[in-house]
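To start, the structure itself, in structure tokens.
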Amino acid sequence: MYLRKSVKLFWTAIALVFVLLCLHGCKVPGMHQPEIEQGNIVTQKMVDRLKPKMTKAQVEFVLGRPVYQNTFDVNRWDYVYTKESRTGERIRRVLTLTFEEDALVGISGDYRPEGDAAEALEEILEPAEDPESEDEVSEEEETELDDSVEVTEDEVDSTN
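And the structure:
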């Protein structure tokens, strides 16, 4: 009698361990999901530091090396930033720089220079894209991105 109870208890424990191992990989509601940020973090201050005719080395010093490099067009640099929030919302920002003979000649994308930088770069700025474009970032997303990504000039200088 005692042997039967212990065998039954043993198999119950084995079954319980098996069930727990099977359920180990299941998602628990309310589990922490981190925000996912990928690409180049480009701030407005960084864009404002760009000047016409800057060399590729100077631009790389200011913005860093682009994560995406086009092997078919070495004179085009694309800085792409994406952020996926915990709720599944995606933010995508793009800055495209064009060079001719190692000199900055074009800027386009979601970032626009402001203040004195806008006047200096006016000659090389490409027209803003149509607001109906799929890649266009809404004002709400832009504000959310600006609030979540704050990089000081000291941090920029220390990374280069």
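Take the sequence shown: its position 41, counting from 1, is numbered 42 in our numbering, and each next residue is one higher.
Every residue gets a Cβ at the ideal spot worked out from N, C-alpha and C, and that includes glycine.
Inter-residue Cα distance where the pair is residue i and residue j
i, j, result
"Gln34", "Thr88", "9 Å"
"Phe19", "Arg93", "44 Å"
"Ala58", "Pro67", "12 Å"
"Phe100", "Gly116", "23 Å"
"Phe73", "Glu102", "16 Å"
"Gly65", "Leu22", "46 Å"
"Tyr80", "Thr56", "16 Å"
"Lys163", "Ile37", "One cannot answer for residue 163 here, as it falls past the ends of the chain, which runs 2 to 161."
"Tyr69", "Cys27", "35 Å"
"Glu90", "Phe11", "49 Å"
"His25", "Thr13", "18 Å"
"Asn76", "Asn41", "18 Å"
"Glu135", "Val63", "Its pLDDT being 46, under 50, Glu135 is placed unreliably in this model, and the coordinates cannot settle the point."
"Ile15", "Leu4", "17 Å"
"Ala104", "Trp78", "12 Å"
Residue range of the alpha helix (DSSP H) that includes residue i
i, result
"Phe73", "That residue, Phe73, is in no alpha helix (DSSP H); it is neither H nor E in DSSP."
"Gln45", "45–49"
"Gln39", "Looking at the DSSP string, Gln39 is not in any alpha helix (DSSP H); the run it does join, the beta strand (DSSP E), is 37–40."
"Val63", "57–64"
Residue i: first and last residue of the uninterrupted beta strand (DSSP E) it sits in
i, result
"Glu115", "It is not in any beta strand (DSSP E) - Glu115 carries neither H nor E in the DSSP assignment."
Secondary structure of residue i, DSSP reduced to three states
i, result
"Ile108", "strand"
"Arg87", "coil"
"Val95", "strand"
"Val81", "strand"
Proximal residues to residue i (C-beta, below 6 Å), its chain only, five neighbours per side dropped
i, result
"Gly110", "Val95, Leu96, Thr97"
"Gln39", "Thr83"
"Glu61", "none"
"Ser86", "Glu36"
"Asn71", "Arg77"
Close beta carbons around residue i, own chain, < 8 Å, minus the five adjacent residues each side
i, result
"Tyr112", "Val43, Gln45, Val48, Arg94, Leu96"
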